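Engineer:
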Amino acid sequence: MEIIEQIRIIEALLFASDRPLSSIALAEGLPEGADVDHLLRDVQQQYHGRGVNLVEVAGKWMFQTAPDLAFLLRKEVAQERRLSRAAVETLAVISYHQPVTRTEVEEVRGVSLSKGILDTLMAADWVRPMGRRRTPGRPVTYGTTDHFLVHFGLDSIRDLPGLAELKAAGFLENVNTSRLNLLNDEKPTEEQPELPTYQPDIRE
Amino acid sequence: MEIIEQIRIIEALLFASDRPLSSIALAEGLPEGADVDHLLRDVQQQYHGRGVNLVEVAGKWMFQTAPDLAFLLRKEVAQERRLSRAAVETLAVISYHQPVTRTEVEEVRGVSLSKGILDTLMAADWVRPMGRRRTPGRPVTYGTTDHFLVHFGLDSIRDLPGLAELKAAGFLENVNTSRLNLLNDEKPTEEQPELPTYQPDIRE
Amino acid sequence: MTDEDTGQQSAFEDLSVKSPEDDRGLIVDIEGFEGPLDVLLMLARSQKVDLKQISILELVEQFLEFVADVKVQKLEKAADYLVMAAWLAYLKSRLLLPEENIEDEFSAEEMAARLTYRLQRLNAIREAAATLMARNQLGRDVFARGRPEPVIVTRTASYDVSFYELLRAYADHKTRSAIADIRIHKREVYTLDQALERLQELIGTIPDWTDLFRFMPESVMGEEMTRSVKASLFTASLEMTRKGEVEIIQKQPFGPVFIRKRDRKD
């Protein structure tokens, strides 16, 4: 099969889908031995600068409208519900610190987390429980979902904006819940974060 | 606004829309005086021969998978499925006792026969209705198909091993043969399967 | 004063205008803040210096003033502020007084550095959150195919059953039904009562030693029934011997058992 034909197939498969497809899924529609990644780069190149672009999100591929045309399209959809500042900030703490426990989120934000916030973020399918921290009490840790990556156009959590700066400034070090609670001082005990179950930990 | 920009807008609008758009609707996103029809012809030309085409349907426009690639969107998945234990047993009872009515299968198995099982066996082309028993209610009798014989490598239904052979082959290790003899419905003569699939049911 | 509808940045600007520094005596509401740390961050930023260079002492003063002016509406919320105020006052005293060597406790500088760190971290995560939310979001700024063409999957089931499985199923079925259908046939038995009745009735008519089994009814047919009659007759003879009604004798093992009526007069 000629390359041009293989490109047509990839184009058709991706265009027909409203969610990202993995290169493995795409390969199923192609002859054996087809260089899917190379073909994807070709298609991406061909659509570069057009009204529709091929983007890589959450390790998968999808066509979406060009970002600079947002002004034109935005009116077409119902106004999305605005997240509260608390929810946005919680989402940020979870995405940058993941896997992170509820207590740690509260520690970073300096305020207790009302129940509704995590619910909202999980209902939006942006946040999910990831496992349990191997510390006393085995608290549940939270992290972001693939849907979060797709929604914000990220290929992986390594691509979070400003991640490198936050890390360099030492703000993503293990959250120590005793840093401010000096009234009953405790030596900071470093918690070993649990290995994330599905997504790579953005921390070292 | 340059033509290329207008084409991008048309592309994005058509891509993101959940229904075909008229040229009037498209014009709303374009600068006044834009030659929408001409632009649409341009876009159509650009997508000609690609995996996705721009088509006009009932005076409106939409992107659609190229007709020759429509096969990509119809997947035939041949699933190797496991037959439930109840289904295998029902198949066995039918093959040994055919022609046999549903009620008889239930009597032999001692449990009622869920509708799905006969359907499954018929969908797999192993079992078929054979006729009607000449008894009150004229119930349908079932038997096995040629496909059944082919699948199990049998020349005829007579080749099914009888109880004695099953026992000799170690299938009935835990069963005392004398106990088998105690069964009212297991007179040795009845262990011989009935005559082949094609014969009409002649039992009164 | 809610911060939900304004950006976080503008929320801070609004609040700092009302900070005690600018409007002394103005009654401040804590409803708009997300806890003492939020207030501290706002106050730190009002120092209009890099967060790394904030004056902790000045921050303490600002916070204590803020708390003094706060119009407290909810006690549980105020408690957080009072705890923070107490801690800051403690920190201030530690910072001002010469450091003593207290074991297992952080130095005042360390405590101050940690507070600064937390404020910087919160500030940084807020900026990151703002950047994140400013990204092109799917369904808000960029869009997926609005009219996806779903892949229609037709599943043709093919079942894989081996001949072995078929036979196994039939054999298992037979095994199960054999076990399930065991029926103990009602045995025809000659009861002990019947045997006693017969012996008592007939023994008087027999003059001398007689083979026990000659008392068997003529009509007995079949091996099972014969065995049952023999067993019951034998048991009956033992019972009658016990009662002193008859005598029995067996001359050799497995030999015939003889019976005769016992003469009471003996």
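Protein chains in written order, with our numbering: chain A, 41 to 244; chain B, 41 to 244; chain C, -2 to 263.
Note that beta-carbon positions come from the ideal geometry of N, C-alpha and C, so glycine has one too.
Keep in mind the model is a prediction, meaning the values are calculated, not measured.
So which residues on chain A does B:Gly69 lean against when the C-beta distance must stay under 7 angstroms?
Structural biologist: In chain order: Leu112.
Engineer: Mark C:Tyr161 as exposed unless 16 or more other C-beta atoms lie within 10 angstroms of its C-beta, in which case mark it buried.
Structural biologist: By the 10 Å Cβ count, C:Tyr161 comes out exposed.
Engineer: Given a limit of 7 angstroms on CB to CB distance, which residues of the segment 131 to 147 of chain C reach chain B?
Structural biologist: From the segment 131 to 147 of chain C, only Phe140, Arg142, Gly143, Arg144 and Glu146 have a Cβ closer than 7 angstroms to chain B.
Engineer: Along chain B, in chain order, which residues have C-beta atoms closer than 7 angstroms to that of A:Leu53?
Structural biologist: Residues of chain B passing the Cβ test: Leu112.
Engineer: So C:Thr128 contacts chain A; which residues on that side make the cut at Cβ distance below 8 angstroms?
Structural biologist: Pro201 and Gly202, listed in chain order.
Engineer: Is it a yes or a no for the segment 55 to 64 of chain A touching the segment 90 to 103 of chain A, going by three-plus beta-carbon pairs under 8 angstroms?
Structural biologist: Yes: the two stretches touch, three or more of their Cβ pairs being nearer than 8 angstroms.
Engineer: Quick one: Cα of A:Glu51 to Cα of B:Glu45, how far?
Structural biologist: Roughly 22 angstroms separates the two Cα atoms.
Engineer: Return helix, strand or coil for B:Met170, following the three-state DSSP convention.
Structural biologist: B:Met170: strand per DSSP, three-state reduction.
Engineer: Counting only beta-carbon atoms, is A:Ile64 nearer than 8 angstroms to chain B?
Structural biologist: No, A:Ile64 does not count as interfacial toward chain B.
Engineer: Along chain A, in chain order, which residues have C-beta atoms closer than 8 angstroms to that of B:Thr105?
Structural biologist: Result: Ala52, Phe55 and Ala56.
Engineer: C:Leu23 CB to nearest chain A CB: under 8 angstroms?
Structural biologist: With a pLDDT of 44 at C:Leu23, under the threshold of 50, the modelled position of that residue is not reliable, and no figure is offered here.
Engineer: Between which two residues does the alpha helix (DSSP H) containing A:Val180 stretch?
Structural biologist: Taken as a continuous stretch (DSSP letters only), A:Val180 belongs to no alpha helix (DSSP H), being part of the beta strand (DSSP E) at Val180 to Thr184.
Engineer: Whole angstroms are fine: how far does the CA of C:Ser229 sit from the CA of C:Lys183?
Structural biologist: Roughly 17 angstroms separates the two Cα atoms.
Engineer: For a test of the three-state rule: what should DSSP assign to A:Glu45, helix, strand or coil?
Structural biologist: Here A:Glu45 sits in helix by DSSP.
Engineer: Which residues share a DSSP beta bridge with C:Phe63?
Structural biologist: Its beta-bridge partners do not exist; DSSP assigns none.
Engineer: Where C:Ser234 and C:Met218 are concerned, what is the direct C-alpha to C-alpha distance, given to the nearest angstrom?
Structural biologist: Between C:Ser234 and C:Met218, the C-alpha separation is close to 22 angstroms.
Engineer: Per DSSP, what kind of secondary structure is C:Trp265 in: helix, strand or coil?
Structural biologist: Outside the shown range of chain C (-2 to 263) lies residue 265 of chain C, about which nothing can therefore be said.
Engineer: What residues from chain A crowd round C:Asp35, counting only those whose CB sits closer than 9 angstroms?
Structural biologist: Under the 9 angstroms cutoff, chain A gives Arg149, Gly150 and Val151.
Engineer: When you compare each of B:Met41, B:Arg48 and B:Arg59 to C:Gly143 by their alpha carbons, which one comes out closest?
Structural biologist: Checking every option, the nearest Cα to that of C:Gly143 belongs to B:Arg59.
Engineer: Just to check my reading of the structure: C:Leu56 and C:Leu40 have Cβ atoms closer than 8 angstroms, yes? What is that Cβ distance to the nearest angstrom?
Structural biologist: Right, their Cβ atoms sit about 6 angstroms apart.
Engineer: Within the continuous beta strand (DSSP E) that includes B:Met162, where are the two ends?
Structural biologist: No beta strand (DSSP E) contains B:Met162, which is instead part of the alpha helix (DSSP H) from Lys155 to Ala163.
Engineer: Using C-beta distances below 7 angstroms, list every residue in its chain close to B:Asp77, excluding the 5 sequence neighbours before and after it, in chain order.
Structural biologist: The residues are Ser63.
Engineer: Please work out which residues of its chain come closer than 6 angstroms, Cβ to Cβ, to A:Ser152, disregarding the five sequence neighbours upstream and downstream, and give them in chain order.
Structural biologist: Excluding sequence neighbours, A:Ser152 sits near Glu146.
Engineer: Can you name the residues of chain B whose CB is closer than 7 angstroms to the CB of C:Glu162?
Structural biologist: Here the neighbours are Val128.
Engineer: Which of the three DSSP states, helix, strand or coil, is assigned to B:Arg149?
Structural biologist: Here B:Arg149 sits in helix by DSSP.
Engineer: Can you list the residues of chain B that A:Leu109 reaches, using a CB-CB cut of under 8 angstroms?
Structural biologist: Neighbours of A:Leu109 on chain B, chain order: Arg48, Ile49 and Ala52.
Engineer: Quick check on the burial criterion: 16 or more other C-beta atoms within 10 angstroms. Buried or exposed for A:Arg157?
Structural biologist: Rather than Arg, the amino acid found at residue 157 of chain A in this sequence is Ile. Burial call: buried.
Engineer: Based on the DSSP secondary-structure assignment, which residues constitute the bridge partners of B:Gln104?
Structural biologist: B:Asn93.
Engineer: Can you tell me the Cα-Cα spacing of A:Val133 and C:Ala125, whole angstroms?
Structural biologist: Using only the alpha carbons, I get a separation of about 9 angstroms.
Engineer: Would you check if there are 3 or more beta carbon pairs closer than 8 angstroms linking the segment 183 to 202 of chain B to the segment 161 to 175 of chain B?
Structural biologist: These segments touch.
Engineer: Alpha carbon to alpha carbon, how far is A:Ser196 from A:Pro139?
Structural biologist: So the alpha carbons of these two residues sit roughly 14 angstroms apart.
Engineer: Tell me C:Ile245's beta-bridge partners as DSSP assigns them.
Structural biologist: C:Ile245 is bridged to C:Ile256.
Engineer: If contacts are defined as beta-carbon pairs under 8 angstroms, then A:Leu161 and A:Thr130 qualify, I think. What distance do you get, rounded to the angstrom?
Structural biologist: About 7 angstroms; that satisfies the 8 angstroms criterion.
Engineer: Using 8 angstroms as the limit for Cβ to Cβ distance, is A:Gly193 near chain B?
Structural biologist: No, no contact with chain B.
Engineer: Does the beta carbon of B:Ala208 come closer than 8 angstroms to any beta carbon on chain C?
Structural biologist: No - not a single Cβ of chain C is within 8 angstroms of the one on B:Ala208.
Engineer: Mind checking C:Asp260: buried by the 16 CB within 10 Å criterion, or exposed?
Structural biologist: By the 10 Å Cβ count, C:Asp260 comes out exposed.
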